[in-house]
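Input: a single structure, listed below in structure tokens.
In structure tokens:
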């Protein structure tokens, strides 16, 4: 190994932003409602660098106040940047605190960017004989690369790549890294708002550098250029030189490189751990401890990193009780140890006693003991994730913390059924509470064995959803967050997904026992924790009266499934093929050439370069034209080709997502489609549908509506009935706001949109035009979501001025509605949450955000979450009541689907008239308000007819 010292300079904000956006689809929210994504992402990257490279010297460099010199040169520099997300703003103070506790220097200078600080330090360190690595994904740093200065770039998917001189030469097609400045100056930088030379992109910039060597060389030889490019370069020479200056990293920032100050030092382990535990970073704490334990033992240098680390107990030091005598005849698995400070518990460190139960007399003795309990946690282990096809491998039970039992099941189906018969008295005992995590799955698995799970239920996943709806609810996360415990990973037993993954049947019994009983034990402990929190959050009644009873309803609906007409879908697929080909032809004619319509890049070039449909089209950070649906929808009414592209996309998605996919999702064992309803996804309380998603089938287009024709009754003795709440959200907001004018309109059975139009446009009800009603309808539905004049204008033929006037008039007409919306925002500010009519809470951590866009989003949620959530609660009550009535009456008819405000039933024809009354009555009386609920229903030979 070289004796040359190595300095690592970390571009703080580049890694903070990268970490934040890595979690953007699944933010890391802790139990206090804090978004910790940026902190976690940054720390993961920093620890990764330390573990991989074990640097001798390290510093983290921040921006402060932007670049005063560049703004003075060009006022528009970085003026297009969006405001920093609130999740990053709140993260930075924590990161500062962590770095200080780790004794890592923080380098920052008011009025300078981190790029300039890093550039200055890198060059100073180079003069002192150091090899410097700039830790950043930012390509601009390539200009600094030299014999002893390198870029250390995190790459997508994990890992790093090092750019030295050869890599920079190859990447930018230059002979000297300094030419990267010219390259950046020529092509500009949209993210920094550096203008560059108009019309010059990456390829042209590389071509110019190959021919002329620099920006100055290009400008001295413009006579060699031709046509419009010659005109553009000559006309914008000064702009090009300015762009080069803006792109040049400064090397004279008033900061000093003091080698001693930058040496890696032993961190303040207790302090860092305390911060991590406050943020609920369980795995990151372990990662930190392992990193510095390894660092201390293996670092090749003799610096201030002391040769000591937190004590880590080895497996050999742990006591294991495998093979102890078991009352029930099976193997007992037990470990016991007092964990060292700052470590997280695992199966290897936490005291526990898990047993497998042998067959025969041991099983009978176990069941006798089981039946004496009042509350038991159980967890099924199966051969797969699909409860309709999975077979039981074993069932774990726990009713005392740290203890539990595992009953393995034979592979032979008749023998497995014999064993479940022995356990049946427990499952069907009304007096014993059953506890589980995602009990719906276990209920569906046991239903295959003709076993019904009776008695009171406690589902920890549902409980946590009500306590903290924005956090993840899987058991591993809950165990780490609330119990400081890391469960055994399923991949340790059966491997990762793929053809080589094992079945649980292939796992040795002792490992099955340890894994399965641990799950039951952890779930039991979580139940004890969440019982208290449900009371503190005032959501116990919601849990007991709605979410848990609904669990049984959804399990029954999912097991029932719905019949699908595959022949019709095949015919529809052919029709869609024809439609798509016709649209392709039309689009190609309008474009004057064939291209890949599905390619955003190719589409952008056609629309915004060749056809020049927009004067200043929006671009992504990579310089590609934006062609997302929201962008194109705004332009569609003015350009036929864009309207056709949107129609093409819609049909292609409809075909691939539903028409071609649905027949493949028919379950062979039942011949029906079985969606999976998720109770713990939408923070508003709405259900979501998966595998397949039946809630997003398009209904605004003729082709989209036709997909519903494929859903049919089970046979000729049945018909489909669809029952739909009419304008339930408007009725709820009218009731909650106590807006008398709107309430009276509903009570009188008026067309609410015509009634609104009559009042807003000041015309008699009978004289309301179709256009006026349509505009009023758009406002009625949009008002709950905070529709703006701009948004209303886009959705109607109104100008922005007319739209604003309409909204203002609307609020004047319904003043209590406006007051209610303001009161909801005030309530959210005072309490940190809003709630539905039944007390379901939606926590709004961004309600006081300094970022106007983030804050306005939270304000909109403060208004619409109680409305959406109340509608969700009401239909859930209706579902529970109808399900119970159908069971009590022993009806053959079944409830099959819930889609937003609609329920779909498979009705046995002789029961039709009786059940029409029952369903309508239960839905309309699910919750009593000042505004009556109204249900529209119809029947048909398919879902479309019934709807």
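Numbering (our numbering), first residue to last: 35 to 981. We put the CB at the ideal spot given by N, CA and C, even for glycine. Keep in mind that this is a model prediction, so the values were computed, not measured.
Straight-line gap, residue 386 to residue 431 (C-alpha atoms, nearest Å): 14 Å
So residue 956 packs on residue 919, CB below 8 Å; how close in whole Å? 7 Å
Taking Cβ positions, are residue 648 and residue 617 nearer each other than 8 Å? no
Considering residue 546, what are the terminal residues of the alpha helix (DSSP H) in which it resides? 543-570
Whole-Å CB distance - residue 888 paired with residue 820, under 8 Å assumed: The Cβ separation is near 14 Å, so there is no contact.
Considering just the uninterrupted stretch of the alpha helix (DSSP H) at residue 312, what are its terminal residues? Start and end: 303-313.
Within its chain, find whatever has a CB closer than 6 Å to the CB of residue 760; leave out the 5 residues flanking it on each side and keep chain order. 968 and 970
Beta strand (DSSP E) runs contained entirely in the region 902-934, provided each spans 3 or more residues: The region 902-934 contains these whole beta strand (DSSP E) runs: 928-933.
Beta-bridge partners of residue 168, as assigned by DSSP: 43 and 185
Evaluate contact between the region 629-647 and the region 721-731, counting only Cβ atoms and requiring at least three cross-stretch pairs below 8 Å. no
Runs of beta strand (DSSP E) lying entirely within the region 49-102, each at least 3 residues, in chain order: 91-95
Return the CA-CA distance between residue 250 and residue 633, expressed in angstroms with no decimal places. 37 Å
Pick from 198, 186, 455 and 179 that is closest to residue 215, judged by C-alpha positions: Among 198, 186, 455 and 179, the Cα nearest to that of residue 215 is on 179.
Residue from 779, 871, 814 and 746 with nearest C-alpha to residue 980: 746
Measure the C-alpha to C-alpha separation of residue 344 and residue 510 and round it to an integer number of angstroms. A caution first: residue 344 carries a pLDDT of 28, below 50, which makes its placement in the model unreliable, though a value can still be read off. Their backbone Cα atoms lie some 25 Å apart in a straight line.
How is the beta strand (DSSP E) around residue 386 delimited, first residue to last? Its beta strand (DSSP E) spans residues 386-391.
Own chain, CB closer than 8 Å to residue 211, minus 5 neighbours either side, in chain order: 176, 177, 178, 179, 180, 199, 202 and 203
Who are the Cβ neighbours of residue 873 in its own chain at under 8 Å, not counting the five residues just before and after it? 572, 573, 575 and 576
7 Å Cβ shell around residue 582 - same chain, five flanking residues per side excluded: 491, 493 and 496
What span of residues does the beta strand (DSSP E) with residue 414 cover, start to end? 409-416
Using the Cα positions of residue 816 and residue 906, report the straight-line distance between them to the nearest angstrom. Each residue's alpha carbon lies about 18 Å from the other.
Residue 333, DSSP secondary structure in three states: Because the pLDDT at residue 333 is just 39, under 50, the model does not fix this residue reliably, and the value given afterwards should be weighed accordingly. Residue 333 falls in the coil class under three-state DSSP.
Is residue 276 close to chain C, meaning its C-beta is less than 8 Å from at least one C-beta of that chain? In the displayed structure, chain C is absent; only one protein chain is listed.
Quick check: what's the CA-CA separation for residue 985 versus residue 184? The structure shown does not extend to residue 985, since the chain spans only 35 to 981, so no value can be given for it.
Count the other CB atoms, across all protein chains shown, that sit within 10 Å of the CB of residue 16; report buried if there are 16 or more and exposed otherwise. Limits of the chain in this structure are 35 at one end and 981 at the other, which puts residue 16 out of reach.
Distance, Cα to Cα, residue 357 vs residue 411? The predicted model places residue 357 with a pLDDT of 32, which falls under 50 and marks its position as unreliable, so this point remains unresolved.
Within 10 angstroms of its Cβ, does residue 288 collect 16 or more other Cβ (buried), or is it exposed? exposed
C-beta contact flag for residue 421 and residue 478 at 8 Å: yes
Of the residues 749, 903 and 565, the one placed nearest residue 976, counting alpha carbons only: 749
Straight-line gap, residue 867 to residue 879 (C-alpha atoms, nearest Å): 8 Å
Out of curiosity, what's the CA-to-CA distance linking residue 606 and residue 684? Cα-Cα distance, rounded: 15 Å.
Three-state secondary structure (DSSP) at residue 379? strand
Measuring only the C-alpha atoms, how far is residue 400 from residue 384? 24 Å
Would you check if the region 686-700 and the region 648-664 touch, i.e. whether three or more CB-CB distances between them fall below 8 Å? no
Rounded to whole angstroms, what's the CA-CA distance from residue 556 to residue 498? Just pull it up for me. 14 Å
Own chain residues within Cβ distance below 7 Å of residue 234, not counting five before or after: Counting only Cβ-Cβ distances below 7 Å, and skipping sequence neighbours, we find 220 and 221.
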